[in-house]
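Undergrad: Chains as they are written, first to last, in my numbering: chain A, 2 to 529; chain B, 2 to 529.
Using N, Cα and C, we set each Cβ at its ideal position, and we do this for glycine too.
Protein chains: 2
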Amino acid sequence: MLIGSFELRGKDLLGRVGKLYTKSGFLETPALLPVIDPYDPIVEVNDLSVKMGFQGIMVNAYLLRRRAGDEVTPLRDRLGFQGVISTDSGAYQILEYGEVEVTPLEILEFQEAVSTDIGVILDVPTGYDLDKSRAKWTVEETIRRADLSLKAMTRKDIVWMGPIQGGVHPDLLAYSAREMSRRRFNMLALGSPTQVMERYMFKTLIDMMLTVKMNIPLDRPVHLFGAGHPMMMALAVACGFDTFDSASYALYAKADRYLTSYGTYKLSDLECFPCVCDECVKHSPGEVRAFLKPRRVRFLARHNLWVCRQETLRVKQAILEGRLWELVRQRANSHPALYQAFKHLKDYCRIFEAYGTPVKRRGLFYFSHEDLYRPELRAYREKLISEYSKPRGVRELILIPAPEGKPYRKFLLENDVPYQEASSRHMCFYGVPFGVVPIELDDVYPVSQTEVSDREEEESIRATAPTVIRYLEKNDYDVVYFLVEQDSYWRRLSSRLRLVQEREGKKFRIVRFKENPVKRLKEILETC
Amino acid sequence: MLIGSFELRGKDLLGRVGKLYTKSGFLETPALLPVIDPYDPIVEVNDLSVKMGFQGIMVNAYLLRRRAGDEVTPLRDRLGFQGVISTDSGAYQILEYGEVEVTPLEILEFQEAVSTDIGVILDVPTGYDLDKSRAKWTVEETIRRADLSLKAMTRKDIVWMGPIQGGVHPDLLAYSAREMSRRRFNMLALGSPTQVMERYMFKTLIDMMLTVKMNIPLDRPVHLFGAGHPMMMALAVACGFDTFDSASYALYAKADRYLTSYGTYKLSDLECFPCVCDECVKHSPGEVRAFLKPRRVRFLARHNLWVCRQETLRVKQAILEGRLWELVRQRANSHPALYQAFKHLKDYCRIFEAYGTPVKRRGLFYFSHEDLYRPELRAYREKLISEYSKPRGVRELILIPAPEGKPYRKFLLENDVPYQEASSRHMCFYGVPFGVVPIELDDVYPVSQTEVSDREEEESIRATAPTVIRYLEKNDYDVVYFLVEQDSYWRRLSSRLRLVQEREGKKFRIVRFKENPVKRLKEILETC
C-alpha cells in the first residue's frame with residue numbers, strides 16, 4: 002500500500018475504523034498513541050506493543066533533539082519499538098513555555114534524520130487565546146511554516162501531518178483547515194485543544210472539531226493533539242478524528258490520578274479498583290497508596306494505558322456494529338459537560354448525514370429525545386417528507402398510534418383488523434421517533450429495527466409532531482382519522498394537526514380511545 | 002461477630018456495602034455468587050477466589066444430593082473453596098421441570114449435613130405465573146414449608162434465607178415479604194424473577210424488588226435469585242439487594258455469548274474484545290471462534306466472570322462515594338428497557354429518601370429531568386417547602402436566575418451587587434434543579450456541590466416550577482421581582498407564578514433581561 006494512504010474498514014457517524022499505512026506498517030484506527038519519553042519511559046516500550054496492543058507511539062522530537070544533539074540514531078533502533086513511531090515537533094512546548102530554541106527547518110530535518118514514520122511540522126499553536134488578532138497570526142504563521150517545511154522535505158516515506166490552528170475562533174479554524182487541506186499533507190491534525198479539554202469545554206471542542214471536519218475532505222485521516230482521556234474518545238471519534246496522542250496516562254499517574262472511561266479518580270478516593278486489568282487485579286488501592294512514588298506512578302500509568310486501550314477497542318467495536326451513537330450517549334452520561342456536548346451534536350446532524358450511514362447489523366436503541374437527531378432516525382423523517390408520496394388514489398388517512406411490536410402491521414394481523422395496501426384508505430402509524438410510518442414502509446430500515454424506551458415521553462412527542470404536520474401538509478387526504486389515546490400527550494397536539502388538515506375544507510376526525518385502539522379502528526373501517 | 006449478622010460500611014439509595022458474617026468468614030456485599038457444578042466446574046474453584054476475588058459461590062444442593070446420594074462430604078472439603086459456600090434448594094428446578102424428587106425436610110437435612118454456610122429452604126417458586134390463585138398457592142405453600150423447615154433446623158451456625166414469592170403480583174409479594182420477615186431468617190431472598198429478567202421486564206422487576214423492600218425491615222440482607230447479568234446489577238443493588246447468584250456466566254458462555262456491563266454480544270458479532278481481562282488480552286475473537294467448544298466455553302465463562310467481578314467493584318465504589326444513582330443512570334443508557342426502569346424509580350422516590358442518604362464526598366451530577374428525583378435533590382425541594390420559612394421581616398423577594406458558578410452569591414460579589422442577609426429584601430436564586438435557593442442557603446449541601454448540565458432543559462424547568470409556586474404559596478412576600486431572561490422557558494411560566502403571587506393583592510413584577518441580569522438587578526435594588 003502507498004505510504005500515507007488510509008483504507009476504510011467501517012464507519013459510523015463521522016467515525017471510522019481504518020488502516021493508515023506508514024513505512025513501518027499500518028496503524029489501525031482509531032488509535033491512541035502513548036507519548037513516550039525515550040530517556041525515561043514509565044512503561045516498557047515492549048509491553049506497550051506486545052502486551053497492551055498499542056500499534057503506535059509518539060515521541061517528542063523537540064525534546065529528543067535537545068538531549069540527543071547531533072546523535073541521530075533512528076527512532077526504531079533507539080526505542081526498540083516494533084510498531085509505528087510518530088513524532089511531535091515541539092508545538093506543545095511553545096504553548097507551555099512561549100517559545101522553543103529550534104527552527105521549523107531544524108526540527109523537520111531532525112525528524113527525517115531519526116526516520117520518523119509520522120511527523121509534523123513545527124506550527125504555532127493558538128491555544129486557548131481569545132485575542133483574535135494574535136490567534137490569526139498563529140494561523141498565518143503556521144501556514145507560512147507549512148509551505149517552508151513542505152519545500153524542504155526530502156523524504157517521501159514519511160507521513161506528514163498538516164496542523165490546523167485557530168483555537169476557539171471558528172472562522173480562523175475554517176480558514177486554517179481549508180488552507181492545510183489544499184497542501185500536500187497525507188494527514189491533518191487539530192492543534193492545541195488541550196486547554197479547552199482541561200476545562201471540560203467539550204461543547205466548544207465539538208465546535209472546533211466539526212468546524213475542521215466541514216472544511217477538509219472527509220476522507221482525510223485527522224489527528225487530535227493531546228486528547229488522552231478515554232472518557233471523551235468516543236465523542237472525538239464520532240466527530241471524525243482518527244488518531245490521538247496522549248501523555249495523559251503518565252501525567253495523571255504522576256498526579257496520583259486513576260483514569261476510567263467515565264471519569265478520573267484520585268487514588269486517595271478509591272476503595273477498590275473497578276477494573277480487571279493486569280495491574281488492578283493484583284493490588285488494592287491501599288497497597289498502591291503505600292508504594293513508593295516511582296512504583297506507584299508505574300502502576301497507575303500502566304492501568305491508565307490499559308483503560309485507554311480498552312476504550313479504543315470499545316469504540317472500534319461500536320463503529321463496526323453501527324452503534325457509536327449509543328456509546329457516545331453512554332459516555333455523555335459520565336459527566337454533565339460531556340452530556341451538554343452530546344446534546345450539541347444535533348446542531349451538526351446534517352454533516353453526520355452527509356457522510357452516510359452503513360447498513361447496521363444490530364437494531365437501534367431509542368432512549369430519549371436527544372436520539373431523534375441520530376442520523377438514521379433523522380434521515381428517515383427527512384426522506385419521508387422529501388421523497389415519499391402517498392399511494393395513488395388513496396383519499397382517506399387513518400393515523401394509528403405506533404404499537405409496541407414490530408413490524409407494526411403485526412398488530413393489525415393479531416387483532417383481526419383487515420387492511421389492504423391498495424385501498425382508498427391509507428393506514429399509517431404515527432409516533433416517536435418516526436413521525437409517520439405508512440403501513441407499506443413498516444419493515445424498511447430502521448423502522449422495524451428500532452427499540453424505543455418510551456413512546457410517550459413528552460419532549461420526544463413535541464419534537465416528532467412537526468414531522469406529522471409536514472406529512473399532512475405534503476400529502477393531500479380528503480379525510481384524516483386521528484386515533485388517539487385519551488391520556489396521550491398527542492391528544493394535546495391534535496388541534497395543531499387539525500389546523501393543518503382543515504385547510505381548504507379537508508376533514509379531520511379525532512377518534513379517542515382508552516388503552517386499546519382496535520375497537521375504534523374497526524368502527525372507522527366499517528363506517529367509512 | 003454473630004453468624005448471620007450484617008455490618009454496614011456504606012450506603013447509597015437502598016444499596017449498601019456491608020459484611021455478612023457466616024461460619025466460614027464474611028462475605029463482602031454487594032456480592033455475586035457464581036453457581037458452580039461441583040462435578041464439572043467450568044472455571045477452577047481456586048481461580049474464582051484467589052485470582053478473581055470472589056468471596057462466595059453457590060452450589061445447587063438438590064442436584065448435588067441427587068448425584069452424591071448419601072455421601073455427605075462437607076462442601077468445603079469437596080470443593081476446596083476457601084470462601085463462603087451457599088446452597089440453593091432446587092426451587093429453580095421446580096420452576097423449570099415442575100417438580101423435584103425431594104421433600105423440604107430432606108433438602109434441609111442435606112444442606113446441614115454438607116455444612117453449607119448459607120442455605121435456603123425448598124420453596125415453591127411462583128415464576129412468571131399470571132394466574133393469581135396458583136400464585137397465591139405458591140406463596141402459602143412456601144410459608145408452610147418455611148415453618149416446617151424452621152422447626153426441623155438443628156444447626157445454628159448456618160445463615161438461612163427466607164424465600165419471598167408472589168411473582169408479579171404486588172399484594173402477594175407484599176404479603177409473602179411480611180410473613181417471611183416475621184420468621185427467624187437472618188436473610189431474605191426474592192425468588193424466581195428469572196423469567197421477568199429474561200424478558201428484559203426491568204420495570205416489572207423494580208416493582209417486585211421495591212414491593213419486597215417496602216415490606217421487610219430495610220436493614221435485613223436480601224438475596225436476588227438468578228440475577229447474573231452485570232448490566233442490571235447496579236439497578237438491583239440500588240433497589241436494596243445485597244447478594245446475587247448466577248449461573249449466567251456459564252449459560253451465556255455455553256451459548257457463545259460474551260457479557261459486558263452494557264449488554265450481551267454474540268461471539269460471532271465481535272470484531273475485537275472490548276475488555277482487558279486476563280482472557281481477552283490473550284486472544285482475538287477470531288481465534289476464540291476457532292477454539293473447540295470446551296475451550297471456547299471456558300474462555301467465555303472466565304471472561305464473563307471477570308466482567309461480573311468488575312461490575313461488583315464498580316458498584317461498590319459507587320456506593321462508597323455516593324454516586325450509585327449516576328452509575329444506575331449510565332447502565333440505564335445501555336438498553337431501552339433499563340432506561341424505562343430507571344425512569345420508573347421516581348415513583349419510589351419516597352422509599353429512597355426514607356432510607357436516608359450519606360454525606361457525599363464528591364459532587365452530584367445533574368444531567369436531565371430524571372435526576373430531579375434523585376433523593377438528595379428531591380429532599381432539598383421537599384425540605385425547602387416543609388421546613389424553611391423566609392427570614393423574619395423581609396417583605397420583598399427578588400428571584401434571580403441561578404448563575405453558573407458556585408456558590409451562587411459569588412455571582413453577586415463578582416458583579417458588585419450589594420446584598421445583606423438581614424435586609425427587608427430577600428434575594429433568592431431560582432432554577433433547575435432546586436427550585437428556589439434562598440441566598441443564605443446557597444452553600445448548604447447539595448446546592449453548591451451539584452454540577453448541572455443544562456439549566457434550560459424544558460422538561461427540567463417544567464418539573465421544577467411547582468417548587469417555585471409552592472415556595473410563593475407558603476412564603477408571604479408583599480412584592481416579588483421575577484428576573485427572567487427573554488429567551489428562557491421560565492418566561493413562559495411566569496404567568497403561573499403571577500397567579501399565585503397576586504392572590505390577596507400581593508404584587509408580582511416581571512423584570513426581563515437579555516443575557517446578563519446584573520444591570521436590571523441593580524436597578525431593582527436602587528428603586529425599591
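Classify residue 40 of chain B: buried if its beta carbon has 16 or more other beta carbons within 10 angstroms, exposed otherwise.
TA: exposed
Undergrad: Short check: CB of residue 238 of chain A to CB of residue 129 of chain A, under 7 Å?
TA: Taking 7 Å as the Cβ cut-off, residue 238 of chain A and residue 129 of chain A do not qualify as a contacting pair.
Undergrad: Residues of the segment 405-427 of chain B in Cβ contact with chain A at a cutoff of 8 Å, in chain order, please.
TA: none
Undergrad: Could you please tell me which residues of the segment 447-458 of chain A, in chain order, have their CB closer than 8 Å to any CB of chain B?
TA: 452, 453, 454, 455
Undergrad: Please list, in chain order, the chain B residues whose beta carbon lies closer than 7 Å to that of residue 311 of chain A.
TA: Neighbours of residue 311 of chain A on chain B, chain order: 275, 276, 277.
Undergrad: Assuming residue 398 of chain B and residue 484 of chain B form a contact by the criterion Cβ under 8 Å, report the distance between their Cβ atoms to the nearest whole angstrom.
TA: No, residue 398 of chain B and residue 484 of chain B are not in contact; Cβ-Cβ is about 11 Å, not under 8 Å.
Undergrad: Threshold first: 4 residues or longer. Then list the alpha helix (DSSP H) segments lying entirely within the segment 81-152 of chain B, N to C.
TA: Within the segment 81-152 of chain B, the runs of alpha helix (DSSP H) that reach at least 4 residues and sit entirely inside it are, in chain order, 92-98, 105-114.
Undergrad: Across the segment 69-87 of chain B and the segment 95-107 of chain B, are there enough close Cβ pairs to call them in contact, namely three or more that are closer than 8 Å?
TA: no
Undergrad: Should residue 203 of chain A be flagged as near chain B, meaning a C-beta pair shorter than 7 Å?
TA: Residue-level contact check: residue 203 of chain A does not touch chain B, since none of the beta carbons of chain B fall below 7 Å from its beta carbon.
Undergrad: Quick one: which chain A residues come within Cβ less than 8 Å of residue 330 of chain B?
TA: Going along chain A in sequence order, the residues near residue 330 of chain B (Cβ under 8 Å) are 334.
Undergrad: Whole angstroms are fine: how far does the CA of residue 233 of chain B sit from the CA of residue 335 of chain B?
TA: Looking at the two C-alpha atoms, the distance is approximately 10 Å.
Undergrad: Report yes or no: is there a C-beta of chain B within less than 7 Å of the C-beta of residue 186 of chain A?
TA: Answer no: the Cβ-Cβ gap between residue 186 of chain A and chain B never drops below 7 Å.
Undergrad: Can you have a look at residue 341 of chain A and say buried or exposed, based on whether 16 or more other CB atoms are within 10 angstroms of its CB?
TA: Its Cβ being crowded by 16 or more others within 10 Å, residue 341 of chain A is buried.
Undergrad: Residue 51 of chain A: which of A/310, A/260, A/38 sits nearest, CA to CA?
TA: Shortest Cα-Cα distance from residue 51 of chain A to any of A/310, A/260, A/38 involves A/310.
Undergrad: Measuring only from the beta carbon, is residue 83 of chain A closer than 6 Å to any heavy atom that is part of the ligand NAD?
TA: Ligands are entirely absent from the displayed structure, and the ligand NAD is therefore not among its contents.
Undergrad: Taking 7 Å as the CB-CB limit, is residue 82 of chain B close to chain A?
TA: no
Undergrad: Assuming residue 522 of chain B contacts residue 419 of chain B under a Cβ cut-off of 8 Å, what Cβ separation, rounded to an integer in Å, is found between them?
TA: Rounded, the Cβ-Cβ distance is 10 Å, inconsistent with contact.
Undergrad: For residue 395 of chain B, which three-state DSSP category applies?
TA: Correct three-state label for residue 395 of chain B: coil.
Undergrad: By the criterion of Cβ-Cβ separation under 7 Å, what are the contact partners of residue 340 of chain B in chain A?
TA: 368, 454
Undergrad: Could you tell me which whole alpha helix (DSSP H) segments of length 4 or greater appear in the segment 161-197 of chain A?
TA: Counting whole runs of 4 or more residues, the segment 161-197 of chain A contains the alpha helix (DSSP H) stretches 171-183.
Undergrad: Just to confirm the assignment, what range does the alpha helix (DSSP H) spanning residue 377 of chain A have?
TA: Start and end: 376-387.
Undergrad: Sort out for me which residues DSSP pairs residue 439 of chain A with in a bridge.
TA: DSSP output for residue 439 of chain A lists A/429 as bridge partner(s).
Undergrad: Please name the residue in B/262, B/267, B/287, B/269 whose C-alpha comes closest to that of residue 276 of chain B.
TA: B/262
Undergrad: Measuring alpha carbon to alpha carbon, tell me which residue in B/375, B/147, B/265 is nearest residue 184 of chain B.
TA: Closest by alpha carbon: B/147.
Undergrad: In chain B, what lies closer than 8 Å to residue 460 of chain A by C-beta?
TA: Chain-order list of chain B residues neighbouring residue 460 of chain A: 459, 460, by C-beta distance under 8 Å.
Undergrad: On the CB-based measure, 16 or more other CB atoms within 10 Å of its CB, does residue 296 of chain B come out buried or exposed?
TA: exposed
Undergrad: Name, going along the chain, the residues of the segment 19-50 of chain A whose beta-carbon falls closer than 7 Å to a beta-carbon of chain B.
TA: none
Undergrad: Check for me: the alpha helix (DSSP H) holding residue 212 of chain A runs from which residue to which?
TA: 203-214
Undergrad: Among A/159, A/412, A/152, whose alpha-carbon lies nearest the alpha-carbon of residue 115 of chain A?
TA: A/159
Undergrad: I'd like to know whether the C-beta atoms of residue 434 of chain B and residue 378 of chain B end up nearer to each other than 7 Å.
TA: yes
Undergrad: Starting from residue 402 of chain B, find everything on chain A with Cβ-Cβ shorter than 7 Å and list it in chain order.
TA: Correct list: empty, because the minimum Cβ distance to chain A is about 18 Å.
Undergrad: Assuming the contact rule is C-beta atoms closer than 8 Å, residue 461 of chain A and residue 373 of chain A should be a hit. Round their C-beta distance to whole Å, please.
TA: 7 Å
Undergrad: Compute the distance between the beta-carbons of residue 448 of chain A and residue 438 of chain A, then report whether it is under 7 Å.
TA: Against a cut-off of 7 Å, the Cβ pair of residue 438 of chain A and residue 448 of chain A comes out as a contact.
Undergrad: Under 7 Å Cβ-Cβ, which residues of chain B neighbour residue 318 of chain A?
TA: Ordered by position in chain B, the residues that pass the 7 Å Cβ test against residue 318 of chain A are 271, 272, 273, 275.
Undergrad: Can you tell me whether residue 75 of chain A is buried or exposed, with buried defined as 16 or more other CB within 10 angstroms of its CB?
TA: Exposed is the call here.
Undergrad: Mind listing the chain C neighbours of residue 467 of chain A? Cutoff is C-beta to C-beta under 8 Å, in chain order.
TA: Included in the structure are the protein chains A and B, with no chain C among them.
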